[in-house]
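Trainee: Residue numbers (the numbering used here): -18 to 510.
Ideal Cβ placement from N, Cα and C applies to all residues, glycine included.
Every value quoted in this text rests on a predicted model; they were computed, and no experiment measured them.
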């Protein structure tokens, strides 16, 4: 019934849950805006159908993302009031900007986009969507500014036990925030690309199994149609899914390269700013140059050392390259770094009532090595699997359709979960690797080394373990119900295909030559429904 431990579980569960939706919202929003732009410029009905189908899924995910994101900010005041008191002067500006963009600009223009079908000129309607997507992307930047300040405090002074902002420009241009933002956007595009690829493959396979599409002697697609299945199962329907698979594959591949290069830059900053996190991610007890592919043993010794770690597979020099762009400079290990942390920040938690039961205890500076080590590798593995799936999909669909093999179709659908898993593993690694600090000290001269906060001091002093446990159970149950609702709605519209997002396809004479819906008297919210 430790409030600190339960509070960390609560914030971890709600954050990871919320972050499943954030990258899909950002990445899919950018792609839907791009699809609508192509439709406006070409008038090709396939791009309109893609816009409405993927836009419908984007709206379902967006609604759940907003609902779950609001809870995060309530937790700052309810469960982590001491943390809020410490960082409030710094976080006020970026979180206010995020709220203005997310809850005013983003929501307003997204509403204009939903209501604007059949009401606004195409150019203005498209502009509304781009403004909503841009606001969503910018709001993510401001959230990452706040989070990156926790990883690398800059632009502040410590006054009366609180971090007081003295240089707003330094906070908003924190090098950690800039690199993290780039990494996050590419990660979001990888999620969106995999989403298009997996669902597009599913529908192309259904068309093959239904006999709508066939192949000739050379394996090239022969596109067909089946009027009995509705107007949505025509030749244009084939183009919707084929273009989705191809676009998703290319986006996922480019995003993987972006994630790799930005991740390399992040690793180099991590070596400077949080060297113990990187050492734990490598299970590196001792200084060295080799990257561990697989290690095992006693990863956590006696709180001051790690020992008995055996590296079964390693790549010589790669760790040095990740950290210093050469193959010979040694990277400090855990047993070198922990004494340095103890000398700088002390060996025991201060004997202060604000630390509760943690007061006076020996500080364990080593992050959970099992989580950081495997989190880092799972992030890379799942990211690589997503890129591999994208490359194979581009190769296998060169002749206009997908192979008529059920096991391959199942793998293609499963592959869309790989970028989600990579994002979640990376987020868990980043946050848990910072422990035992909620605001990490920075030995790097570009940061403010004396500004830090132990996680033990961040929890609300007036909240009991029972209250925290009750809120954890309640939020988990509510989030579980929301997850079921989102999955049900997503599956319903995914299986329904384009007609589920465009019911007008089942009515005659409602779709003009350019693919626009000419019904001016229909329900303006039909698209949202």
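Just tell me which of 404, 346, 137 and 163 has its CA closest to the CA of residue 68.
Mentor: On the chain shown, residue 68 is found 87 positions in, with the first residue counted as 1. For the residues 404, 346, 137 and 163, the minimum Cα distance to residue 68 belongs to 137.
Trainee: Give the single residue among 335, 319, 336 and 334 whose Cα lies nearest to the Cα of residue 328.
Mentor: Locating residue 328 in the chain shown gives position 347, counting from the first residue. Residue 328 has its Cα closest to that of 319, out of 335, 319, 336 and 334.
Trainee: Under the three-state reduction of DSSP, which class applies to residue 154: helix, strand or coil?
Mentor: By one-based count along the chain shown, residue 154 stands at place 173. In the structure shown, residue 154 sits in coil (DSSP, three-state: anything other than H, G, I, E or B).
Trainee: What are the partner residues of residue 434, as DSSP defines its beta bridges?
Mentor: Taking the chain shown and counting its residues from 1, one reaches residue 434 at position 453. Answer by DSSP bridge pairing, in chain order: 420.
Trainee: Rounded to a whole number of angstroms, what is the C-alpha to C-alpha distance between residue 1 and residue -9?
Mentor: Indexing the chain shown from 1 puts residue 1 at position 20. Indexing the chain shown from 1 puts residue -9 at position 10. The straight-line gap from Cα to Cα measures roughly 16 Å.
Trainee: Excluding five sequence neighbours on each side, which residues of the same chain lie with their C-beta closer than 8 Å to the C-beta of residue 463?
Mentor: Taking the chain shown and counting its residues from 1, the one referred to as residue 463 is at position 482. Once the five neighbours on either side are set aside, the close Cβ partners of residue 463 are 45, 48 and 49.
Trainee: Buried or exposed: which applies to residue -4, given that a residue is buried once 16 or more other Cβ atoms fall within 10 Å of its Cβ?
Mentor: One-based indexing of the chain shown puts residue -4 at position 15. Flag for residue -4 reads buried.
Trainee: In the DSSP assignment, what are the bridge partners of residue 202?
Mentor: Counting from one through the chain shown, the residue named residue 202 turns up at place 221. 196, per the DSSP bridge assignment.
Trainee: Assuming residue 247 and residue 164 are in contact, meaning their beta carbons sit under 8 Å apart, how far apart are those beta carbons, in whole angstroms?
Mentor: Working through the chain shown from its first residue, we reach residue 247 at position 266. Working through the chain shown from its first residue, we reach residue 164 at position 183. Rounded, the Cβ-Cβ distance is 6 Å, consistent with contact.
Trainee: By how many angstroms is the C-alpha of residue 342 removed from the C-alpha of residue 447?
Mentor: For the purposes of this step, residue 447 is taken as residue 466 along the chain shown, with counting starting at 1. For the purposes of this step, residue 342 is taken as residue 361 along the chain shown, with counting starting at 1. Rounded to whole angstroms, residue 447 to residue 342 spans 23 Å at the Cα level.
Trainee: Tell me the DSSP bridge mates of residue 452?
Mentor: For this step, residue 452 is matched to residue 471 along the chain shown. DSSP lists no partner for residue 452.
Trainee: Using a threshold of 8 Å, state whether the C-beta atoms of residue 14 and residue 111 are closer than that.
Mentor: On the chain shown, position 33 is the one that residue 14 refers to. On the chain shown, position 130 is the one that residue 111 refers to. It is a contact, given that the beta carbons lie within the stated cut-off.
Trainee: Restricting to runs no shorter than 3 residues, where is the beta strand (DSSP E) found entirely within the stretch 108 to 146?
Mentor: Taking 3 residues as the minimum length, the beta strand (DSSP E) runs contained wholly in the stretch 108 to 146 are 137 to 140 and 143 to 146, in order along the chain.
Trainee: Which stretch, first to last residue, makes up the alpha helix (DSSP H) that contains residue 219?
Mentor: As a working mapping, residue 219 is identified with position 238 in the chain shown. That run of the alpha helix (DSSP H) goes 216 to 254.
Trainee: Ordered along the chain, which non-local residues of its own chain (more than five positions away) have a Cβ less than 7 Å from that of residue 307?
Mentor: The residue you call residue 307 lines up with position 326 of the chain shown. Closer than 7 Å at Cβ, skipping near neighbours: 301.
Trainee: Residue 92: buried (16+ other C-beta within 10 angstroms of its C-beta) or exposed?
Mentor: Locating residue 92 in the chain shown gives position 111, counting from the first residue. Answer is exposed; the Cβ neighbour count stays below 16.
Trainee: Residues in the same chain with beta-carbon distance under 6 Å from residue 409, minus the five sequence neighbours each way, listed in chain order, please.
Mentor: To locate residue 409, count along the chain shown from 1; it is residue 428. Closer than 6 Å at the Cβ level, and outside the excluded window around residue 409, lie 356.
Trainee: From residue 224 to residue 63, what distance separates their C-alpha atoms?
Mentor: Along the chain shown, read from residue 1 onward, the residue named residue 224 stands at position 243. Along the chain shown, read from residue 1 onward, the residue named residue 63 stands at position 82. One C-alpha to the other measures close to 51 Å.
Trainee: Write down the C-beta distance between residue 258 and residue 353 rounded to the nearest angstrom, noting that I regard them as a contact closer than 8 Å.
Mentor: Position 277 of the chain shown holds residue 258. Position 372 of the chain shown holds residue 353. Right, the Cβ-Cβ distance comes to about 7 Å (below 8 Å), so this counts as a contact.
Trainee: Considering only DSSP beta bridges, list what residue 440 is partnered with.
Mentor: Locating residue 440 in the chain shown gives position 459, counting from the first residue. In the DSSP output, where bridge partners are listed per residue, residue 440 has none listed.
Trainee: Assuming residue 363 is part of the alpha helix (DSSP H), what are its boundary residues?
Mentor: Counting from one through the chain shown, the residue named residue 363 turns up at place 382. Unbroken alpha helix (DSSP H) run through residue 363: 350 to 377.
Trainee: Give, in chain order, every unbroken run of the beta strand (DSSP E) that is at least 3 residues long and sits entirely within the stretch 287 to 342.
Mentor: 290 to 296
Trainee: So that I know if they touch, is there some Cβ in chain D lying closer than 8 Å to that of residue 447?
Mentor: The structure shown has no chain D; it contains just one protein chain.
Trainee: In angstroms, rounded to a whole number, what distance separates the CA positions of residue 169 and residue 35?
Mentor: In the chain shown, counting from the first residue as 1, residue 169 sits at position 188. In the chain shown, counting from the first residue as 1, residue 35 sits at position 54. Computed Cα separation, rounded: 15 Å.
Trainee: Are the Cβ atoms of residue 201 and residue 194 separated by less than 8 Å?
Mentor: Indexing the chain shown from 1 puts residue 201 at position 220. Indexing the chain shown from 1 puts residue 194 at position 213. No; because the gap between Cβ atoms is not below 8 Å, this pair is not in contact.
Trainee: By a C-beta neighbour count over all protein chains shown, 10 Å radius and 16 as the cutoff for buried, is residue 126 buried or exposed?
Mentor: To locate residue 126, count along the chain shown from 1; it is residue 145. Buried, because 16 or more other Cβ atoms sit within 10 Å of the Cβ of residue 126.
Trainee: If you measure between the beta carbons of residue 174 and residue 371, is that distance less than 8 Å?
Mentor: Residue numbering aside, residue 174 sits at position 193 when the chain shown is read from its first letter. Residue numbering aside, residue 371 sits at position 390 when the chain shown is read from its first letter. In contact: residue 174 and residue 371 (Cβ atoms closer than 8 Å).
Trainee: Which word fits residue 393, buried or exposed, when buried means at least 16 other C-beta atoms lie within 10 angstroms of its C-beta?
Mentor: On the chain shown, residue 393 is found 412 positions in, with the first residue counted as 1. Buried is the call here.
Trainee: Where does residue 433 land, buried or exposed, given buried means 16+ other C-beta within 10 angstroms?
Mentor: Start at 1 with the first residue of the chain shown, and residue 433 comes out as number 452. Buried, by the Cβ-count rule.
Trainee: Go ahead and pull the three-state DSSP assignment for residue 24.
Mentor: In the chain shown, residue 24 corresponds to position 43, counting from 1. Residue 24: coil per DSSP, three-state reduction.
Trainee: Excluding the 5 residues flanking residue 186 on each side, which residues of the same chain have their C-beta closer than 7 Å to its C-beta?
Mentor: To locate residue 186, count along the chain shown from 1; it is residue 205. The residues are 383 and 390.
Trainee: Assign residue 55 to buried or exposed, taking buried as 16 or more other Cβ atoms, counted over all protein chains shown, within 10 Å of its Cβ.
Mentor: One-based indexing of the chain shown puts residue 55 at position 74. By the neighbour-count rule (16 or more Cβ atoms within 10 Å), residue 55 is not buried but exposed.
Trainee: With distances taken between CB atoms, is the gap from residue 79 to residue 120 smaller than 8 Å?
Mentor: Numbered from 1 along the chain shown, position 98 holds the residue referred to as residue 79. Numbered from 1 along the chain shown, position 139 holds the residue referred to as residue 120. In contact: residue 79 and residue 120 (Cβ atoms closer than 8 Å).
Trainee: Can you say whether residue 324 is buried or exposed, counting buried as having 16 or more other CB atoms within 10 angstroms of its CB?
Mentor: Indexing the chain shown from 1 puts residue 324 at position 343. Exposed, since its Cβ has fewer than 16 Cβ neighbours within 10 Å.
Trainee: In terms of alpha-carbon separation, which member of 344, 37 and 12 lies closest to residue 480?
Mentor: By one-based count along the chain shown, residue 480 stands at place 499. The residue with the shortest Cα to Cα distance from residue 480 is 37.
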